[in-house]
Structures are given as C-alpha cells and as structure tokens.
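Participant: I am attaching a structure below and will ask some questions about it afterwards.
In my numbering, the protein residues as written are 38 to 172.
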C-alpha cells in the first residue's frame with residue numbers, strides 16, 4: 038500500500054483527466070448528437086445548458102484548468118440533474134438510474150476541494166490554494 042500512497046498524486050491526476058474526459062463526452066453527445074443515436078438537444082433548453090456545462094467544464098477538468106471552479110459548477114449540475122430528472126422516478130438510485138449523477142456529483146466535489154494537482158495546466162512547483170473554492 039505504500040507504493041500506492043507514493044503515487045497518489047499521479048493517481049489523482051489520472052482520475053481527474055479520465056473523469057473530465059468522460060464528462061466532456063456527455064456534453065459532446067448532447068451538443069452534437071454524436072457517439073449515441075440521439076439527436077442534438079436544443080441549445081437554449083435545460084439539456085442544452087447541461088451540455089454546454091458538461092463540454093466546457095469537462096475539458097477544463099481534464100486539462101486541469103481552474104479545476105476547482107469547473108468541478109464545483111459540475112457538482113452542482115449533477116446534484117440538480119439527480120433531484121430534477123432521476124429522484125422523482127423512484128427513491129433508490131438504482132431504480133431511478135441516478136447513480137451516475139450521484140457519483141459525478143461527489144467526485145466533482147472532491148476535485149473542487151483538492152484542486153488541479155499535477156499534470157495540469159494550473160500546476161506550479163508550489164501548488165497554492167488559489168485554485169480551491171472558498172465558500
């Protein structure tokens with residue numbers, strides 16, 4: 038386990054990159070109708086706004102550019118998505134198909150607290166707290 042602990046920053050960066058990329062793919066799907074069989078959503082709709090956030094914030098998180106802010110907004114979007122679209126269908130996340138929204142919400146909340154980390158456009162040799170969100 039010490040070997041994993043020694044690589045924790047690299048593992049965090051890899052997780053941030055992969056999760057940001059996957060989130061951006063949801064935006065690409067909504068905005069352009071590719072990767073799935075669905076048509077693009079209307080830009081000036083609730084799903085259109087979600088697609089814009091997913092695409093832009095996903096890329097920012099993936100690149101490590103203002104990760105805390107992008108992740109904080111994304112976390113809020115996923116909370117809204119869960120309570121607006123999933124929770125009314127059924128109580129349990131496995132019944133209402135909302136487990137992905139919950140996972141994204143809490144992963145992004147962690148990213149918002151931790152910041153960009155290494156392998157990011159924001160990374161400096163002395164990572165400051167200027168990238169973290171203060172509430």
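Where is the CB? At the ideal position from N, CA and C, for every residue including glycine.
Within a Cβ cutoff of 6 Å, which residues of the same chain sit near residue 111, ignoring the five residues on either side of it in sequence?
Facilitator: Taking the chain shown and counting its residues from 1, one reaches residue 111 at position 74. Excluding sequence neighbours, residue 111 sits near 94 and 145.
Participant: For the alpha helix (DSSP H) that residue 136 lies in, which residues bound it at each end?
Facilitator: In the chain shown, the residue the question calls residue 136 occupies position 99. Run containing residue 136: 136 to 151, per the alpha helix (DSSP H) assignment.
Participant: Taking all protein chains shown into account, decide if residue 56 is buried (16 or more other Cβ within 10 angstroms of its Cβ) or exposed.
Facilitator: Your numbering for residue 56 matches position 19 in the chain shown. With 16 or more other Cβ atoms within 10 Å, it is buried.
Participant: Take residue 156 and list the residues in its own chain whose beta-carbon comes closer than 6 Å to its own, dropping the five residues that flank it on each side.
Facilitator: As a position in the chain shown, residue 156 is number 119, starting the count at 1. Taken in chain order, the residues that qualify are 50.
Participant: Residue 60: buried (16+ other C-beta within 10 angstroms of its C-beta) or exposed?
Facilitator: The sequence position of residue 60 within the chain shown is 23, counting from 1. Residue 60 is buried by the Cβ-count criterion.
Participant: Among 89, 102 and 116, which has the Cα closest to the Cα of residue 161?
Facilitator: On the chain shown, residue 161 is found 124 positions in, with the first residue counted as 1. The candidate whose alpha carbon is nearest that of residue 161 is 102.
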